[in-house]
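J.: In my numbering, the protein residues as written are 46 to 549.
My questions all concern the structure below.
Put into structure tokens, the structure is as follows:
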């Protein structure tokens, strides 16, 4: 009898010890910047920009060198990576489309699994829905803060940015080629406000793990920065990228009158705004470090896509050139992710959500189309995808990127509504092929070379297969076997209609 009692006691103690030693589910801190391209970051090799906090995060964690957004426009990219689903599947491909109410975001899934959830800053839901975030802080909260904490008047001799009026003012003005500060001191900027609210959240005591998303509006045009950051970069520090043979025909009309000096000024403003953003990233990371949660927190940093600073004559994203679609991705989790690692593996941003759920030991919904990067992050593999796919419905184009090749297919039949029309006749079907190993700047289109005809056919078939598998309404896809007719249908915007406004 005594032996049986002792055995039961040992079993109970062993079970309790196993539960006590079970690894904690990590907290998640995801920091996102708007329009931040990886090539303007010290961690990715830039010698001019000052991004010490992002550089430190990369040194303490893992840097992804071939991470791609799934659409080079804010709304489609953000809603895609928050759900782990392709933009076309969501029905969110255009800037103004709201995320459908029924879609499950990473926050929705983690909250259901017992996480506290909060989003501070830009989310681009295009609605008043919270999509799983218990706490939402954004521009309205910052405006209320300024009403109760009135900023001090600025010195009268400081020239500041005018109101931002893209496409109404010349591009030189709304892209801030004069490198003017926003009309505010550092302490009154929205980015600083968001960083401080994130600190408040990190300092709160709670008995559940958290998912905190901090999303800065910088360095998006007009590349805002406070008056204290004036003069940090000079236009003459920056070279104007040279144009390729085919660039002239595809340059948006709105950029054609920019002078070289204005292009240099735009770059200086972008770099300044990036440095300001990095400062605010540091505020959040320092607060986490001072807390007792740093060891149990997976930190993720992303841009929402890339950005063009004169490459191919462009100053935006909205296309499939490498600077527009490749985005920064950094991850740090002490004792779980080897410090100082980097990877050349091809990854898509829809892979982030299932990776987080994998690490949190939460079941990945079957609706998720992304692929967990956990084996790659743990060092169990050095490859992840054979190819990545990026789409931009506004211009009816999509790309496939492999380790060596970039294939871009465009219908050339849509009059763009995003402000970046060329002012030239529509070109019709356009196919581009770049050898990324020998031509990383994508200046020589090889699509017309006879020796690449078979490769073009293979990529075209792969893209068509992807479009069929990820269609929101597959029953509407043409079934006549014409691959080009299929692509022309699928590449059009087929967004979910916004819900009708109810009468009050």
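In this text, a Cβ means the ideal position worked out from N, Cα and C, and glycines have one as well.
Note that the structure is a prediction, hence the values are computed from the model and not measured.
Check whether the segment 216–234 touches the segment 313–327, counting contact only when three or more Cβ pairs, one atom from each stretch, lie closer than 8 Å.
T.: Taking 8 Å as the limit for Cβ pairs, the verdict is that the segment 313–327 does touch the segment 216–234.
J.: If you draw a straight line from the C-alpha of residue 66 to the C-alpha of residue 411, how long is it?
T.: The residue you call residue 66 lines up with position 21 of the chain shown. The residue you call residue 411 lines up with position 366 of the chain shown. Bear in mind that the predicted position of residue 66 carries a pLDDT of just 48, short of 50, making it too unreliable to give a figure here.
J.: Hey, is the segment 449–462 in contact with the segment 470–487, meaning 3+ C-beta pairs nearer than 8 Å?
T.: Touching, yes.
J.: Using three-state DSSP, classify residue 236 as helix, strand or coil.
T.: For this step, residue 236 is matched to residue 191 along the chain shown. Note: residue 236 maps to helix in three-state DSSP.
J.: Which whole-angstrom value describes the C-beta separation of residue 575 and residue 179, a residue pair presumed to lie in contact below a C-beta threshold of 8 Å?
T.: Outside the displayed range of the chain (46 to 549) lies residue 575, so it cannot be described from this structure.
J.: Keeping to the same chain, check which residues put their C-beta closer than 7 Å to that of residue 146; ignore five residues upstream and five downstream.
T.: On the chain shown, residue 146 is found 101 positions in, with the first residue counted as 1. These residues qualify, in order along the chain: 174.
J.: Look at residue 158 and residue 405 and say whether their C-beta atoms are less than 8 Å apart.
T.: One-based indexing of the chain shown puts residue 158 at position 113. One-based indexing of the chain shown puts residue 405 at position 360. In this structure, residue 405 lies closer than 8 Å to residue 158 by Cβ.
J.: Output needed for residue 463: all residues of its chain with C-beta closer than 8 Å, excluding positions within five of it in sequence on either side, in chain order.
T.: Stepping through the chain shown from its first residue, residue 463 is reached at position 418. If we look at residue 463 and ignore the five residues flanking it on each side, its Cβ neighbours are 118, 140, 363, 439 and 440.
J.: Which runs of the alpha helix (DSSP H) spanning at least 4 residues fall entirely within the segment 227–308, listed in chain order?
T.: For the segment 227–308, whole alpha helix (DSSP H) runs of length 4 or above, ordered along the chain, are 235–248 and 292–295.
J.: To the nearest angstrom, how far is the alpha carbon of residue 446 from that of residue 383?
T.: Mapped onto the chain shown, residue 446 falls at position 401. Mapped onto the chain shown, residue 383 falls at position 338. Rounded to the nearest angstrom, the two C-alpha atoms are 27 Å apart.
J.: If the criterion is Cβ atoms closer than 8 Å, does the pair residue 36 and residue 128 meet it?
T.: In this structure the chain extends from 46 to 549, so residue 36 is not present and cannot be described.
J.: Using only the alpha-carbon positions, how far apart do residue 182 and residue 328 sit?
T.: Indexing the chain shown from 1 puts residue 182 at position 137. Indexing the chain shown from 1 puts residue 328 at position 283. Their Cα atoms are separated by approximately 17 Å.
J.: Where does residue 564 sit, in a helix, a strand or coil, going by DSSP?
T.: With the chain covering 46 to 549 only, the question about residue 564 has no answer from this structure.
J.: Looking at the strands, I want to know which residues DSSP matches up with residue 469.
T.: Locating residue 469 in the chain shown gives position 424, counting from the first residue. DSSP, once it has assigned bridges, lists no residue as partnering residue 469.
J.: With a threshold of 16 other CB atoms inside 10 Å of the CB of residue 370, please say whether the residue is buried or exposed.
T.: Counting from 1 along the chain shown, the entry for residue 370 is found at position 325. Flag for residue 370 reads buried.
J.: Counting pairs of Cβ atoms below 8 Å between the segment 378–395 and the segment 412–424, do you hit three or more?
T.: A contact exists between the segment 378–395 and the segment 412–424.
J.: Can you round the beta-carbon distance between residue 482 and residue 430 to whole angstroms, since I take them to be within the 8 Å contact cut?
T.: In the chain shown, the residue the question calls residue 482 occupies position 437. In the chain shown, the residue the question calls residue 430 occupies position 385. Contact flag wrong, Cβ pair sits at about 18 Å.
J.: With distance defined between alpha-carbon atoms, name the residue in 511, 86 and 70 nearest to residue 375.
T.: On the chain shown, residue 375 is found 330 positions in, with the first residue counted as 1. Measuring from the Cα of residue 375, the nearest candidate turns out to be 86.
J.: From the DSSP output, read off the bridge partner residues of residue 550.
T.: Within the shown structure, residues of the chain are numbered from 46 to 549, placing residue 550 beyond reach of any answer.
J.: Can you round the beta-carbon distance between residue 631 and residue 508 to whole angstroms, since I take them to be within the 8 Å contact cut?
T.: With the chain running from 46 to 549 in the structure shown, residue 631 is simply not present.
J.: Kindly indicate which three-state DSSP category residue 390 falls into: helix, strand or coil?
T.: Here residue 390 is taken as the residue at index 345 of the chain shown, counted from 1. Of the three classes helix, strand and coil, the one that applies to residue 390 here is strand, per DSSP.
J.: So residue 203 is in the beta strand (DSSP E); what residue range does that whole segment cover?
T.: In the chain shown, counting from the first residue as 1, residue 203 sits at position 158. Where residue 203 is concerned, there is no enclosing beta strand (DSSP E), given that its DSSP letter is neither H nor E.
J.: For residue 77, decide whether its Cβ has a neighbour in chain D, counting only Cβ atoms nearer than 8 Å.
T.: Of the protein chains in the structure, only one exists, and it is not chain D.
J.: Tell me which same chain residues have a C-beta within less than 7 Å of the C-beta of residue 176, skipping the five on either side of it?
T.: Position 131 of the chain shown, counted from the first residue, corresponds to residue 176. For residue 176, where only same-chain residues beyond five positions count, the Cβ hits under 7 Å are 144, 150, 152, 153 and 170.
J.: List the whole-angstrom C-beta distance separating residue 155 from residue 407, where the pair is believed to meet the contact cut-off of C-beta under 8 Å.
T.: Taking the first residue of the chain shown as position 1, residue 155 is located at position 110. Taking the first residue of the chain shown as position 1, residue 407 is located at position 362. About 7 Å separates the two Cβ atoms, so the contact holds.
J.: Using 8 Å as the threshold, is the C-beta distance between residue 84 and residue 368 below it?
T.: For the purposes of this step, residue 84 is identified with residue 39 of the chain shown, where counting begins at 1. For the purposes of this step, residue 368 is identified with residue 323 of the chain shown, where counting begins at 1. Yes; because the gap between Cβ atoms is below 8 Å, this pair is in contact.
J.: Identify the continuous beta strand (DSSP E) that holds residue 479 and give its terminal residues.
T.: Working through the chain shown from its first residue, we reach residue 479 at position 434. Run containing residue 479: 475–480, per the beta strand (DSSP E) assignment.
J.: Given that a residue counts as buried once 16 or more other Cβ atoms are within 10 Å of its Cβ, and exposed if not, what is residue 529?
T.: Residue mapping note: residue 529 aligns to position 484 of the chain shown, counting from 1. So residue 529 counts as exposed.
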